[in-house]
Amino acid sequence: MSGLLASGGLSGVSGGDLFWWVILPYAALLTFVIGHIWRYQYDQFGWTSRSTELQERRALKWGSPLFHYGAFAAIGGHILGILIPESVTQAVGIPETFYRTFSAIAGTIAAVAVIIGVLILAGRRLLVPRVRATTSPVDWVALILLAIIIGLGIAETIGVGLLGNHYNYRVSISPWFRSLFTGSPDVRAAIKAPLLFQVHAVVAWVLIGVWPFSRLVHAWSYPYFYLWRPFIVYRRRVATRPNEPGTSGRRWRRIGTPY
Amino acid sequence: MRIMAQVCMVMNLDKCIGCHTCSVTCKQTWTNRPGTEYVYFNNVETKPGLGYPRRYEDQDLWKGGWKLDRRGRLTLRGGSRLRRLLTIFYNPDLPTIEDYHDPFTYDYARLITAPAGTAAPSVQAHSTLTGRAMVPRWGTNWEDDLAGAPERAGQDPNLVKLGEAVKLSFEQVFMFYLPRICEHCLNPSCVASCPSGAMYKREEDGIVLVDQNRCRGWRFCVSGCPYKKVYFNHRTGKAEKCTLCFPRIEAGLPTVCSETCVGRLRYLGLVLYDADAVLAAAATKDPQDLYEAQLSVFLDPEDPTVRAEALAAGIPHDWVEAARRSPAYALIARHRVALPLHPEYRTMPMVWYVPPLSPMADMVGGPGGGEDADAVFGAIDALRIPVEYLANLFTAGKVEPVRQALRRLALVRAFMRSRQLGLTPSADPRTVGMEAADVEDLFRLIAIARYEDRYVVPPAHAEDAGRLLAQHSLSGCSLESEGGPGMGGWGLPVATRGDDGRTHLRVLEGRR
Ligand code: SF4
Ligand code: SF4
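So the protein lines, in turn, are chains W and H.
The first sequence lines up with residues 1121 to 1379 when you count with the working numbering.
The second sequence lines up with residues -16 to 495 when you count with the working numbering.
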């Protein structure tokens, strides 16, 4: 750890900064990985998108595709902006001004899709009693975190990137994010970033920590293998042991238990 | 040739009195849990009528089942695999709860706890989805016994095909009940629609199941099934469907709906079929030939080569023997009085129906009539509307198989009646392509219908017992739902001695 601190150049960094920019991300990542392994092992039965299309479909028809496809675009943008260093895009001959214009425009399209989608989805979750009744506490937590992240992300893309005086997160937030994975967190880079970006990053880490315990796990189950699977699936009865008591293999929840 | 065995059900519609006992016992066994309030693995519909969910038979609307593409190949009516993956966030063909009904319950405690007064206490309906007070406007059996038929029955997809003129006269002359469970199809479109691969057909007995651990709630099975017999549990976020009571079938017992059927009209037995021939049969060009095509897939267990092949394919000896005694095979293939429900969906359904003769017999002879075989034959030939309606249900509109089945049923009545009264039979079995022995066999099956003749279900093999145990433990105890008999808390109900000196059992108070 001391080597890690020295190599990262953490001298002169306050305890608070250490918490926000080193401890929280690692704790969140650890929870993310272990949480998923645990949930996958013990709660296959709870692993679902828990769709509410049965209860309401008119608003979902617009809200859900806009949100999901917008979110895919946003994730793609994050990969481009955060994982790929500025030096790489420049080395392959993409000028900074082009990158800025492209990311601002593409980001804005994605942001508009996501914000309309999320407004419709949040509206129906709050206002349609049948949908509201299906929402569990952990869903609320995940939804509120998502709403904060999206709200801030949109302020960054449209408010700062498109309309404001573009802020180059690729020299602060991005190096810090990548440094987390090389084992020598560059806290100073993160401290430099404007508050808007900092809060966005912190709430995102919290969401990552909550992810394995929420319905968001369905994101990992997108069934692309359906494209080459045979249509009719036959199975023989296979030898399986009953689940150990207390490890929820397949249990019906008793009435009165929250979701 | 790849021989497989399938547990198959046949229902004799003549005997269904629409009592819904099957639906209730099924519900108590399987779907009395939160999230499945609106789910009926077994439901009984009045025909003509819209069915459950409303107008489920209209595949232009719901896009269930298979169709042939321009080159004559089988494709899912709900579109390509890619379309399904792209519309995964919003399935355009999914019925909503309004198409079923908003499930409701009553605050029954009120009836018991209301203070003494002059007015009888009444209870308000509460939605089980939201817990809020509501006014029921539709339900599973809203149109029982043709209730509201003058307004709505005309929208029955099977009637729509008959044309405007006959619609109105239909309800006045003809009505019957159609009990429905999952068809456990040979070519199940629900399985083909499931992107997760969570649904499967069991190789041993053909039962179609949803793996609750692998289902991710993408809902395409619901829209893919043309019979709308996969349901979405809104609490667990997983699909559920009729299991053909597999724990009972494995033990050699009939399903709960069969066992409790008041009319004793259900039959269970094995059918051997050639799995390699299924796809070609399902792709038969003319929908009206699909009934014959499906018959051609079934294999005759009396044929020694079929039996030898079946044994070679690993089907146990006692199963092959059970297939020979199968009442389902006899009614479907030997006597040809049972017909498939909507073969035009191309899923190769495996719950078949003996069409109802009584409405027609009643028409010529008054209730309980039909003694005069000639009059009944005449009615079968002359009455266009009922026969064409039945043909829309069972043979994609081809009337001849329906007429043939009805004539055979009428002949059995007339022939056996005159024989038991010691009269010379007025009807000759050969006019409907039967021998006297066939008539007796059919009489044994559909009129005497003893328990052992109705259910020939070979138990799953003992060497599988340990494996089966694992599956049983998964279904949980269905008695342990709210208000169920298992919910009285631990131990016996509390007994107290009342002022009147009698012992009171506190059974109504439930768990504290
Ligand atoms: S009837 Fe049953 S087996 Fe056939 S498609 Fe529907 S759910 Fe699947
Ligand atoms: S229990 Fe039998 S007679 Fe009664 S409705 Fe069901 S199928 Fe018909």
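Quick reminder that beta carbons are idealized off the backbone N, C-alpha and C, glycines included.
Please read all numbers here as calculations on a predicted model, not as lab measurements.
Taking 8 Å as the upper bound for CB-CB distance, TYR21(H) and PRO86(H) are in contact here, some 4 Å apart.
Distance from the CA atom of LEU1180(W) to the CA atom of GLY1243(W), rounded to whole angstroms, is 10 Å. Contacts with chain W at 8 Å (Cβ-Cβ) include PHE215(H).
A residue is called buried once 16 or more other Cβ atoms fall within 10 Å of its Cβ, and ASP188(H) is buried on that count.
The alpha-carbon of GLU233(H) is positioned some 56 Å away from that of LEU1300(W). The criterion of a C-beta distance shorter than 8 Å is satisfied by GLY32(H) and GLU126(H). Taking 4 residues as the shortest admissible run, the segment 207 to 241 of chain H contains the following complete alpha helix (DSSP H) segments, listed from N- to C-terminal end: 229 to 233. Between GLY137(H) and TYR1160(W), the alpha-carbon positions lie close to 50 Å from each other. Here VAL440(H) is buried: its Cβ has 16 or more other Cβ atoms, across all protein chains shown, within 10 Å. The C-beta of ILE1229(W) has fewer than 16 other C-beta atoms within 10 Å across all chains shown, which makes the residue exposed. Between ALA1231(W) and ILE1268(W), the C-beta gap is not smaller than 8 Å, which leaves the two residues out of contact. Burial is judged here by how many other beta carbons sit within 10 angstroms of a residue's own beta carbon; VAL1337(W) has at least 16 and is buried. With a threshold of 7 Å, the Cβ atom of TYR160(H) does not count as near ligand 1, since no heavy atom of the ligand is closer than that.
Look at ASP257(H) here: in three-state DSSP terms it is strand. THR4(H) has its Cβ nearer than 7 Å to a heavy atom of ligand 2. For ALA108(H), the enclosing beta strand (DSSP E) stretches over residues 108 to 110. Near ligand 1, residues with a Cβ at less than 6 Å from any of the ligand's heavy atoms are CYS165(H), GLU166(H), HIS167(H), CYS168(H), PRO171(H), SER172(H), CYS173(H), VAL191(H), CYS208(H), TYR210(H), LYS212(H), VAL213(H), LYS224(H), THR330(H); the list follows chain order.
Contact residues of the segment 72 to 90 of chain H toward chain W are PHE72, TYR73, ASN74, PRO75, LEU77, PRO78, THR79, ILE80, TYR83, ASP85 (C-beta to C-beta distance below 9 Å). In the DSSP secondary-structure assignment, MET182(H) is bridged to VAL193(H). Three or more beta-carbon pairs drawn from the segment 188 to 204 of chain H and the segment 63 to 81 of chain H are found closer than 8 Å, and the two stretches are therefore classed as touching. By the Cβ rule, the segment 267 to 285 of chain H counts as touching the segment 318 to 328 of chain H, because three or more pairs are nearer than 8 Å.
Looking only at ARG391(H), LEU65(H), PRO140(H), the smallest Cα-Cα distance to ASP43(H) is reached by PRO140(H). Per DSSP, the unbroken beta strand (DSSP E) holding LEU51(H) starts and ends at 49 to 51. For THR113(H), the nearest CB of chain W lies under 8 Å from its own CB, placing it at the interface with that chain.
Close CB contacts of THR88(H) within its chain, under the 8 Å cut and outside five residues either way in sequence, are with GLU20, ALA108, HIS109, THR111 (chain order). When secondary structure is reduced to three states using DSSP, MET(-8)(H) falls in the strand class. Contacts between ILE1270(W) and chain H, judged by CB atoms closer than 7 Å, are missing: the closest CB pair is about 17 Å apart. Secondary structure in the segment 26 to 106 of chain H: the beta strand (DSSP E) runs of 3 residues or longer, each lying completely within the stretch, are 26 to 30, 49 to 51, 57 to 59, 87 to 89 in chain order. TYR1354(W) sits in a strand when the DSSP states are folded into three classes. For ASN170(H), the residues of chain W that pass the 9 Å Cβ criterion are PHE1351, ILE1352, in the order they occur in the chain. For SER176(H), the number of other beta carbons within 10 angstroms of its own is at least 16, and it is reported as buried.
Between the C-alpha atoms of ARG38(H) and ASP411(H) there is a straight-line separation of about 42 Å. Judged by the Cβ position, VAL245(H) qualifies as a neighbour of ligand 2 at the 7 Å threshold, a heavy atom of the ligand being closer than this.
Linking VAL1319(W) to LEU1272(W) through their CA atoms gives a straight-line distance of about 8 Å. Neighbours of PRO178(H) in chain W, taken as residues whose beta carbon is under 8 Å from its own, are PRO1343, TYR1346 in chain order. Here ALA116(H) carries a strand assignment [DSSP, helix/strand/coil].
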